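Numbering of the sequence shown is given in UniProt numbering, commencing with residue 1 and proceeding in unit increments.
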Amino acid sequence: MGGIAEEIRNEARGFRLWTVENFFEFPDKVLELGDVILNSEHGAVLTAGGVLQLTGAGKIGKSMLLLNVAYGLALGRDALSFKIDKPRRVLYLNGENSPGTMQERLRCLRDYYCIDHEEAELARQNLLFTSAGVMLPRPDAMKEMRGNLAEIRPEILILDPLKNFFSGEENSADNMREFMAAVRQLMAEFSLTVIIVHHTGKKQNENHLYSGRGSSVLGDDAECTASFQKDASEKGRFTLAVTGRNCDEFTLHLARQPERWFLYSLADAPEPKPDHTLIEIIDELPDEFRTGQFHEVAEHKGIPPRTADRRLQDALAFGLVERVRVGQLRKMKSTPVTPTTKGVAEVAYSEDEAAKVTPVAPTPNEMAGVAYSETGNTSAAPSMPTTPNGTNGAEPDDEFRGMF
Numbered sequence: 001m002g003g004i005a006e007e008i009r010n011e012a013r014g015f016r017l018w019t020v021e022n023f024f025e026f027p028d029k030v031l032e033l034g035d036v037i038l039n040s041e042h043g044a045v046l047t048a049g050g051v052l053q054l055t056g057a058g059k060i061g062k063s064m065l066l067l068n069v070a071y072g073l074a075l076g077r078d079a080l081s082f083k084i085d086k087p088r089r090v091l092y093l094n095g096e097n098s099p100g101t102m103q104e105r106l107r108c109l110r111d112y113y114c115i116d117h118e119e120a121e122l123a124r125q126n127l128l129f130t131s132a133g134v135m136l137p138r139p140d141a142m143k144e145m146r147g148n149l150a151e152i153r154p155e156i157l158i159l160d161p162l163k164n165f166f167s168g169e170e171n172s173a174d175n176m177r178e179f180m181a182a183v184r185q186l187m188a189e190f191s192l193t194v195i196i197v198h199h200t201g202k203k204q205n206e207n208h209l210y211s212g213r214g215s216s217v218l219g220d221d222a223e224c225t226a227s228f229q230k231d232a233s234e235k236g237r238f239t240l241a242v243t244g245r246n247c248d249e250f251t252l253h254l255a256r257q258p259e260r261w262f263l264y265s266l267a268d269a270p271e272p273k274p275d276h277t278l279i280e281i282i283d284e285l286p287d288e289f290r291t292g293q294f295h296e297v298a299e300h301k302g303i304p305p306r307t308a309d310r311r312l313q314d315a316l317a318f319g320l321v322e323r324v325r326v327g328q329l330r331k332m333k334s335t336p337v338t339p340t341t342k343g344v345a346e347v348a349y350s351e352d353e354a355a356k357v358t359p360v361a362p363t364p365n366e367m368a369g370v371a372y373s374e375t376g377n378t379s380a381a382p383s384m385p386t387t388p389n390g391t392n393g394a395e396p397d398d399e400f401r402g403m404f
C-alpha cells in the first residue's frame with residue numbers, strides 16, 4: 001500500500017520526490033545487494049541490470065570467449081574463472097557469424113562438456129540464438145525488439161557485435177548516448193542484463209576501460225569492460241583484462257587448444273617469452289649487427305622506430321642478444337636442445353657437467369640391445385613389455401596434458 005500511496009502523492013505533486021540520505025548515517029545503512037550474474041575472487045564482475053562491454057580486435061576470438069561464458073550462464077556452472085551461481089536464460093543476437101559457423105562452434109562446446117540429460121535440457125531452454133538484425137534506436141527496431149523480448153523473456157541479452165545493432169556513428173557521443181538510452185529502456189522494461197561485444201580500433205587504447213573504438217560513452221556507461229587480447233609471446237594464449245565498478249582490476253590468462261572452440265583458464269600467468277616477430281627479426285640479422293640494422297629489419301615488418309626500440313630492449317632482456325659496445329650488438333648462442341620421445345627438452349651437457357651425473361645402471365632390455373649390437377645381429381632387440389592396451393606406458397605427446 002505504501003508504494004501505491006506514494007505514487008498517488010507523487011502524481012498530486014506533479015513530480016517524484018527524491019529519497020535523500022545524510023552523510024553520517026548512510027555509510028552504516030544495510031543496502032540490498034543486487035543479483036550477481038558473473039562473480040570472481042576479485043569482486044562482482046557483472047550484476048543483474050548491468051552492462052558488460054567485451055572488446056577485442058577483429059577475428060581475435062571474442063565470440064569464442066563469449067560462447068564459453070554463455071554456455072556456463074545457461075547451465076549455471078562456472079566458466080573460465082568466473083563464478084556462476086545458477087542457470088540463466090540467455091538470448092544471443094548474432095550479427096556477424098554465419099549459421100554454419102555458429103553451429104560448428106556450438107558443436108565443439110557441446111561435445112567437450114559431455115553434458116548429461118538434465119544439463120542438455122537446461123541448454124535447450126536457456127541458450128537461444130538468432131541472426132535477426134535490428135538497428136537501434138530506430139523506432140521499427142525498438143518495436144521488433146520489444147515484441148520478441150516479451151515472447152522469449154531472456155534474463156541476459158548479448159549483442160554481437162555492436163556495429164551490427166547500432167544505427168548511428170560510432171565516433172559520435174550523441175549517437176552513442178541515444179543507443180545506450182534505448183538499450184537502458186529495454187533493460188528497464190524487461191529486467192535485462194546486457195553484454196555488448198565491441199571491436200577495438202586499429203591502434204588499441206592501452207586504457208582497457210576505453211579499449212572499444214569510437215566514443216567513450218559505452219565504456220563510461222558499462223558496469224564492466226573486459227578487454228580480450230592475444231598473448232604475443234605464445235600461440236593459442238590470450239589475456240582478458242577486467243575493469244569494473246564492483247571489482248578490483250584483474251587479468252585472466254587463457255589458453256585455447258588448437259582446432260577447438262573452447263578456452264581454459266591458466267592458474268598463473270605464463271612465463272614471458274619473446275614473440276614470433278622478435279625472433280624473426282633476430283634470425284634475419286647477422287651474428288653481429290648495429291642498432292640501425294635492427295631498426296631496418298623491424299621497419300620492413302611494419303614496426304615503427306619507437307616500438308623497435310622497445311623490441312630491442314626485450315631482445316636484451318630475454319637474452320637473445322648482448323651489447324658489445326655502444327650501437328653494436330651480438331646474437332647469443334642458444335643452448336642445444338634435443339627433443340626426447342616424450343617431447344621434453346633435454347639439454348646437452350658439457351664434459352664437466354656430465355662428470356657430475358651419477359651413472360644409471362642399464363635395464364635388462366637395454367643390455368639385450370647392446371648384446372645384439374656387439375654380436376653383429378641386425379635383427380630387432382627384444383621390445384619392452386606393453387600394457388594391456390598395447391602401449392608401452394609412455395604418456396601421450398600433448399602440450400595441454402594436465403590442463404583438463
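Idealized CB from N, CA, C, for every residue including glycine.
Everything numeric in this text was worked out from a predicted model, so none of it was measured.
Cβ distance (whole Å) where residue i is taken to contact residue j below 8 Å
{"i": "Leu122", "j": "Ala74", "result": "6 Å"}
{"i": "Leu128", "j": "Leu186", "result": "Actually they are not in contact, since the Cβ atoms of Leu128 and Leu186 sit about 16 Å apart, beyond 8 Å."}
{"i": "Arg237", "j": "Ala226", "result": "About 17 Å separates the two Cβ atoms, so there is no contact after all."}
{"i": "Thr130", "j": "Leu93", "result": "6 Å"}
{"i": "Phe165", "j": "Met135", "result": "7 Å"}
{"i": "Leu80", "j": "Asn68", "result": "6 Å"}
{"i": "Asn10", "j": "Arg16", "result": "5 Å"}
{"i": "Arg88", "j": "Asn126", "result": "7 Å"}
{"i": "Leu320", "j": "Phe289", "result": "Not a contact, Cβ separation roughly 12 Å."}
Residue i versus residue j - alpha carbon distance
{"i": "Phe228", "j": "Thr200", "result": "10 Å"}
{"i": "Glu284", "j": "Pro154", "result": "55 Å"}
{"i": "Glu151", "j": "His276", "result": "50 Å"}
{"i": "Met332", "j": "Phe294", "result": "15 Å"}
{"i": "Lys342", "j": "Gln257", "result": "Only weak support exists for where Lys342 lies, its pLDDT of 34 falling under 50; the value from the coordinates is given anyway. Roughly 19 Å separates the two Cα atoms."}
{"i": "Cys114", "j": "Arg310", "result": "46 Å"}
{"i": "Arg323", "j": "Gly58", "result": "38 Å"}
{"i": "Leu38", "j": "Ser167", "result": "29 Å"}
{"i": "Thr251", "j": "Gly43", "result": "13 Å"}
{"i": "Pro304", "j": "Val242", "result": "29 Å"}
{"i": "Asp116", "j": "Leu157", "result": "26 Å"}
{"i": "Ala5", "j": "Met180", "result": "32 Å"}
{"i": "Trp18", "j": "Asp85", "result": "34 Å"}
{"i": "Leu66", "j": "Arg306", "result": "35 Å"}
{"i": "Glu102", "j": "Phe82", "result": "Going by the sequence as given, residue 102 is Met instead of Glu. Rounded to whole angstroms, Met102 to Phe82 spans 23 Å at the Cα level."}
{"i": "Val337", "j": "Gly72", "result": "Note that Val337 scores 34 on pLDDT, short of 50, meaning its location in the model is unreliable; the coordinates nonetheless yield the value given after this. Answer to the nearest angstrom: the Cα atoms are 41 Å apart."}
{"i": "Phe262", "j": "Glu25", "result": "48 Å"}
{"i": "Glu178", "j": "Lys29", "result": "35 Å"}
Nearest to residue i (by Cα), restricted to the options the options
{"i": "Gly49", "options": "Leu192, Gly72 and Leu106", "result": "Leu192"}
{"i": "Met64", "options": "Ile84, Gly76, Glu96 and Asp35", "result": "Glu96"}
{"i": "Lys235", "options": "Leu320, Phe289, Ile60 and Gly244", "result": "Ile60"}
{"i": "Pro137", "options": "Gly34, Gly292, Arg16 and Ala182", "result": "Ala182"}
{"i": "Ala173", "options": "Leu162, Val197, Asp140 and Val217", "result": "Val217"}
Test item: CB-CB of residue i and residue j under 9 Å
{"i": "Val194", "j": "Leu159", "result": "yes"}
{"i": "Gly214", "j": "Asn171", "result": "yes"}
{"i": "Val45", "j": "Asn246", "result": "yes"}
{"i": "Leu278", "j": "Ala222", "result": "no"}
{"i": "residue 409", "j": "Arg124", "result": "An answer regarding residue 409 cannot be provided, because it is not within the stretch 1 to 404 covered by the chain."}
{"i": "Ala120", "j": "Val90", "result": "no"}
{"i": "Ala308", "j": "Ala298", "result": "yes"}
Minimum Cβ-Cβ distance from residue i to chain C less than 9 Å
{"i": "Ala315", "result": "This model lacks chain C altogether; it includes just one protein chain."}
Any alpha helix (DSSP H) of 4 or more consecutive residues that is wholly inside the segment 130-191: The segment 130-191 contains, as complete alpha helix (DSSP H) runs of 4+ residues, the segments 139-152 and 173-190 (chain order).
Segments assigned beta strand (DSSP E), at least 3 residues, entirely inside the segment 37-108: Qualifying beta strand (DSSP E) stretches, in chain order: 43-47, 51-56 and 90-94.
Unbroken stretches of the alpha helix (DSSP H), 4 residues or longer, contained in the segment 215-297: Entirely contained in the segment 215-297, the alpha helix (DSSP H) runs reaching 4 residues are, in chain order, 217-221 and 276-284.
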